[in-house]
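Chemist:
There are 2 protein chains.
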Amino acid sequence: MNQQIILVSRPKGMPTDENFAIVETPIPQPKEGEVLIQTLYLSVDPYMRGRMSDRKSYVPPYELNGVVGGGAVGRVLQSKSPSYREGDIVLGNYGWQRYAVASADQLQKVNPELAPITTALGVLGMPGLTAYFGLLDIGQPKEGETVVVSGAAGAVGMTVGQIAKIKGCRVVGIAGSDEKTAYLVQELGFDAAINYKTTTDLREDLKAACPNGVDIYFDNVGGTISDAVMTMLNYQARIPLCGQIALYNLEKPDVGPRMQTQLLITSSLMKGFIVRDYASRFEEGISQLAQWVREGRLKYKENIVEGFENTIKAFLGLFTGENLGKQLVKVAD
Amino acid sequence: MNQQIILVSRPKGMPTDENFAIVETPIPQPKEGEVLIQTLYLSVDPYMRGRMSDRKSYVPPYELNGVVGGGAVGRVLQSKSPSYREGDIVLGNYGWQRYAVASADQLQKVNPELAPITTALGVLGMPGLTAYFGLLDIGQPKEGETVVVSGAAGAVGMTVGQIAKIKGCRVVGIAGSDEKTAYLVQELGFDAAINYKTTTDLREDLKAACPNGVDIYFDNVGGTISDAVMTMLNYQARIPLCGQIALYNLEKPDVGPRMQTQLLITSSLMKGFIVRDYASRFEEGISQLAQWVREGRLKYKENIVEGFENTIKAFLGLFTGENLGKQLVKVAD
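Chains as they are written, first to last, in the working numbering: chain D, -1 to 331; chain Z, -1 to 331.
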């Protein structure tokens, strides 16, 4: 039998176990041009929370009682496409299920010789590309500039910080535990890191960590953390808006100081983006990221939970600030 | 004797007569490399309100008891510079005074044969260039797109709308009286205009006026008008942030819905700017604007108050939404 996780109700505020159900269904059969995949690793990501609400966004909402979609890496068990053979490792977007049938043109081959296959969901996948294009294309870092990253210990944030170091910037991370801030500075070479949960004055800590102000703020979180960083912008600063994790679970409209004045008085740029905006340049991004990984200049961290049945728990953990690096679920060997 | 308007106290909230004083001083004498100018026209602009507060911004605050600075056009009465002769008409930034001495390198010659000299403070000056670079460089209008302009009946706004029409866009203006909205549609060719003071539901009016959503929002005002427009953005919309006139006189921090989510879900760009960011391209801008004016494709409107003693009143009028077009003060013939 197959197992799938479906969305049975739309979360109001923070999602809970109740919003999901694990259901058993027959293992599907591939039609012409399709393949049957056994899931090896599943991705759980903050952006999925957005798709659980029923509102217009950059990706359509999940359907009620449908499988929760998202990135997964699996092994081809049966192929009715000339492009794939049994045993191939593939990356797809078919979501939280043990077995899936997918059209060959919606899959990408993963080369297990090049790097561990989990990296296709992390540093060489969506989070890595998000960091790469958001920082380089919107942020346009220049040597000697100061880059602040929020959500710095997440899969995107730690990649952003390391690329900024490669580009010669001063890098300051904001994260939610002393373990994380220590990791950012000691393991990843960040110049400073601030624990937003224990600081008594985030703005003062930012001033100390950014004596020359902020040229780039890579924003993964939004909310009051961003309010503080926005008061520190230099002339013609750039703010790639990647996520607003602080907001995903809000039940009310997000209210705070309007940002326009800060942007206006500093001639700064703020731009939302989603990795798909850069789909035509994915090859360039993966190739450069892989090179940095091979050279040891770009480290990655994966937090792997064992067992399909722990998927929901792993997802919920994203919002309590506990995960360090890319959160994955291992479903099969 | 000379007359000067000085700032005697910093406004809290809306400025009043009390914040200013008219003082009499001797007519200054030019030194080597300087010229003595008799003011013909003075400019009063919303951005000046920002400089009356004592806070970090893109231009330094005015000094207390100093002359209120700003654009002016005058006649050279006496020159100690080889660059200028008696009788030349010049544009300077020396502010609210009947006579001024300025260094030759801080002035620009105005050619009275080319266009009325007042245009150097309007459509061929700072407001025209602000419209030109903000719309074209940040907004990047494409044929068939929808452009919304707030503060549309101001000097910047009406130029923005007309350039957007030249570029083949649908143009919707937001302004504060029926006289203004009628002018925008009937005289300047805007496709629609909304009176924000009489509308019962700005968002519904915007939906009706923008059936294909909003691709560019040229923001001159901020506040709740902008909140409404921000909910209408199309994918990869652009928001040139030119002014926040609604905010200049606020005594408290400006609080409202945070914009980040709207930018994020539409992959949109918001950028603050000031015309000086484009100083190296002013010649290009003036030349193109002048060509459009000559061709009759770009109209301009000036609202000229007579008499130096009415300068403060003209300035205060900017914030009550009464002015249509560029507000000037005529000081001498």
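A virtual CB, placed ideally from N, CA and C, is assigned to each residue, including glycine.
Determine the extent of the beta strand (DSSP E) in which E304(D) is found, giving its start and end residues.
Modeler: Residue mapping note: residue 304(D) aligns to position 306 of the first sequence, counting from 1. E304(D) -> beta strand (DSSP E) spans E300 to E304.
Chemist: Whose Cβ in chain D lies nearer than 8 Å to the Cβ of S266(Z)?
Modeler: What you label residue 266(Z) is simply residue 268 of the second sequence in a count that begins at 1. Simply K269 and G270.
Chemist: Look at the alpha carbon of S285(Z) and the alpha carbon of E141(D), and state the distance between them as a whole number of angstroms.
Modeler: Locating residue 285(Z) in the second sequence gives position 287, counting from the first residue. Locating residue 141(D) in the first sequence gives position 143, counting from the first residue. If you take the alpha carbons of S285(Z) and E141(D), they lie about 36 Å apart.
Chemist: With distances taken from CA atoms, which of L40(Z), N210(Z), G152(Z) and E300(Z) is nearest Q95(Z)?
Modeler: Within the second sequence, numbered from 1, the residue matching residue 95(Z) stands at position 97. If we check each option's Cα against that of Q95(Z), L40(Z) comes out closest.
Chemist: Once the 5 residues before and after L335(D) are set aside, which same chain residues still bring their CB inside 8 Å of it?
Modeler: Not covered by the structure: residue 335(D). The range shown for chain D is -1 to 331.
Chemist: Is G69(D) helix, strand or coil when you go by DSSP?
Modeler: Stepping through the first sequence from its first residue, residue 69(D) is reached at position 71. Note: G69(D) maps to coil in three-state DSSP.
Chemist: Can you give me the start and stop residues for the beta strand (DSSP E) that R238(Z) sits inside?
Modeler: Counted from its first residue, the second sequence places residue 238(Z) at position 240. Note that residue 238(Z) is Pro in the sequence shown, not Arg. Segment L231 to L239, the beta strand (DSSP E) holding P238(Z).
Chemist: Measure how close the beta-carbons of F317(D) and M12(D) come, nearest whole angstrom, since I'm counting them as under 8 Å.
Modeler: Counting from one through the first sequence, the residue named residue 317(D) turns up at place 319. Counting from one through the first sequence, the residue named residue 12(D) turns up at place 14. Going by Cβ atoms, the distance from F317(D) to M12(D) rounds to 6 Å, so yes, they are a contact pair.
Chemist: Is it the case that the Cβ atoms of L134(Z) and K163(Z) are separated by a distance below 9 Å?
Modeler: Counting from one through the second sequence, the residue named residue 134(Z) turns up at place 136. Counting from one through the second sequence, the residue named residue 163(Z) turns up at place 165. No, they are not a contact pair.
Chemist: Tell me which same chain residues have a C-beta within less than 8 Å of the C-beta of T196(Z), skipping the five on either side of it?
Modeler: To locate residue 196(Z), count along the second sequence from 1; it is residue 198. D176.
Chemist: Do L239(Z) and K269(Z) have their C-beta atoms within less than 9 Å of each other?
Modeler: Working through the second sequence from its first residue, we reach residue 239(Z) at position 241. Working through the second sequence from its first residue, we reach residue 269(Z) at position 271. Yes, Cβ-Cβ distance for L239(Z) and K269(Z) is below 9 Å.
Chemist: May I have the straight-line CA-CA distance separating N109(D) from T144(D), to the nearest angstrom?
Modeler: Reading the first sequence from its first residue, position 111 is the one you call residue 109(D). Reading the first sequence from its first residue, position 146 is the one you call residue 144(D). About 36 Å.
Chemist: Measure from the C-beta of R256(Z) to each C-beta in chain D and report whether the shortest distance is under 9 Å.
Modeler: The residue you call residue 256(Z) lines up with position 258 of the second sequence. Cβ-Cβ to chain D under 9 Å: yes for R256(Z).
Chemist: Do you know whose CA, among G48(D), V147(D) and K29(D), lies nearest A100(D)'s CA?
Modeler: For this step, residue 100(D) is matched to residue 102 along the first sequence. Here the closest residue by C-alpha is K29(D).
Chemist: Would you give the residue range spanned by the beta strand (DSSP E) that S285(D) belongs to?
Modeler: As a position in the first sequence, residue 285(D) is number 287, starting the count at 1. First-last for S285(D): F280 to R292, but that is the alpha helix (DSSP H), not the beta strand (DSSP E).
Chemist: How is the beta strand (DSSP E) around Y97(D) delimited, first residue to last?
Modeler: Here residue 97(D) refers to the residue found at position 99 when the first sequence is read from its first residue. Segment Y97 to S101, the beta strand (DSSP E) holding Y97(D).
Chemist: List the residues of chain A that G126(D) touches, going by C-beta distances under 9 Å, in chain order.
Modeler: Here the protein chains are D and Z, and chain A is not one of them.
Chemist: Along the chain, where does the beta strand (DSSP E) containing V158(Z) start, and where does it finish?
Modeler: One-based indexing of the second sequence puts residue 158(Z) at position 160. From DSSP, V158(Z) is part of no beta strand (DSSP E) but of the alpha helix (DSSP H) over A153 to I164.
Chemist: By a C-beta neighbour count over all protein chains shown, 10 Å radius and 16 as the cutoff for buried, is P209(D) buried or exposed?
Modeler: As a working note, residue 209(D) is residue 211 in the first sequence. By the neighbour-count rule (16 or more Cβ atoms within 10 Å), P209(D) is not buried but exposed.
Chemist: Nearest-angstrom Cα distance between M124(Z) and T23(Z)?
Modeler: Against the second sequence, residue 124(Z) aligns to sequence position 126. Against the second sequence, residue 23(Z) aligns to sequence position 25. Distance between the alpha carbons of M124(Z) and T23(Z) is about 29 Å.
Chemist: Mind checking if C208(Z) is an interface residue toward chain D, Cβ cutoff 9 Å exclusive?
Modeler: By one-based count along the second sequence, residue 208(Z) stands at place 210. By this cut-off, C208(Z) is not an interface position.
Chemist: Counting only beta-carbon separations shorter than 9 Å, does S224(D) have a partner in chain Z?
Modeler: Translated into positions along the first sequence, residue 224(D) becomes position 226. Chain Z, which has a Cβ nearer than 9 Å to the Cβ of S224(D), makes this yes.
Chemist: In chain D, which residues lie less than 9 Å from G220(Z) when you measure between Cβ atoms?
Modeler: Along the second sequence, one-based indexing puts residue 220(Z) at 222. Ordered by position in chain D, the residues that pass the 9 Å Cβ test against G220(Z) are R256, Q258, T259 and L262.
Chemist: Given that P251(D) touches chain Z, what residues does it touch there, using C-beta distances under 7 Å?
Modeler: Here residue 251(D) corresponds to residue number 253 of the first sequence, with the count starting at 1. Within 7 Å Cβ-Cβ: P255.
Chemist: Can you have a look at T117(Z) and say buried or exposed, based on whether 16 or more other CB atoms are within 10 angstroms of its CB?
Modeler: Mapped onto the second sequence, residue 117(Z) falls at position 119. Buried, by the Cβ-count rule.
Chemist: Below 7 Å CB to CB, which residues in the same chain sit around E304(D) once its five sequence neighbours on both sides are set aside?
Modeler: For the purposes of this step, residue 304(D) is taken as residue 306 along the first sequence, with counting starting at 1. Cβ within range, chain order: K328.
Chemist: Quick one: which chain D residues come within Cβ less than 7 Å of Q242(Z)?
Modeler: Reading the second sequence from its first residue, position 244 is the one you call residue 242(Z). Per Cβ cutoff of 7 Å: Q258, T259 and L262.
Chemist: Report whether the distance from the Cβ of R256(Z) to the nearest heavy atom of the ligand MN is below 8 Å.
Modeler: In the structure shown, the ligand MN is absent, as is every other ligand, since no ligand is present at all.
Chemist: Return no unless some Cβ of chain Z is closer than 9 Å to the Cβ of L133(D).
Modeler: Taking the first sequence and counting its residues from 1, the one referred to as residue 133(D) is at position 135. Not one chain Z Cβ lies under 9 Å of L133(D).
Chemist: Closer than 9 Å by beta-carbon distance: list the chain D residues that pair up with L204(Z), in chain order.
Modeler: Walking along the second sequence from the start, residue 204(Z) turns up at place 206. Here the premise fails: no neighbours, minimum Cβ distance about 16 Å.
Chemist: Can you find a C-beta in chain Z that's less than 9 Å from the C-beta of L287(D)?
Modeler: Position 289 of the first sequence, counted from the first residue, corresponds to residue 287(D). L287(D) does not count as touching chain Z.
Chemist: Where P251(D) and T259(Z) are concerned, what is the direct C-alpha to C-alpha distance, given to the nearest angstrom?
Modeler: Working through the first sequence from its first residue, we reach residue 251(D) at position 253. Working through the second sequence from its first residue, we reach residue 259(Z) at position 261. One C-alpha to the other measures close to 10 Å.
Chemist: Using a Cβ-Cβ cut-off of 7 Å (strictly less than) and excluding sequence neighbours within five positions of A19(D), which residues of its own chain qualify?
Modeler: Taking the first residue of the first sequence as position 1, residue 19(D) is located at position 21. Counting only Cβ-Cβ distances below 7 Å, and skipping sequence neighbours, we find I4 and V6.
Chemist: Relative to the alpha-carbon of C167(Z), which residue among K107(Z), I214(Z) and D103(Z) has its alpha-carbon at the smallest distance?
Modeler: Working through the second sequence from its first residue, we reach residue 167(Z) at position 169. Looking at the Cα atoms, I214(Z) is the closest of the given residues.
Chemist: If you measure beta-carbon to beta-carbon, which residues of the stretch 178 to 202 of chain Z are closer than 9 Å to chain D?
Modeler: Of all residues in the stretch 178 to 202 of chain Z, none has a Cβ within less than 9 Å of some Cβ in chain D.
Chemist: Please report the straight-line C-alpha distance between K311(Z) and M46(Z), rounded to a whole angstrom.
Modeler: As a working note, residue 311(Z) is residue 313 in the second sequence. As a working note, residue 46(Z) is residue 48 in the second sequence. Taking the straight line joining both Cα atoms gives about 14 Å.
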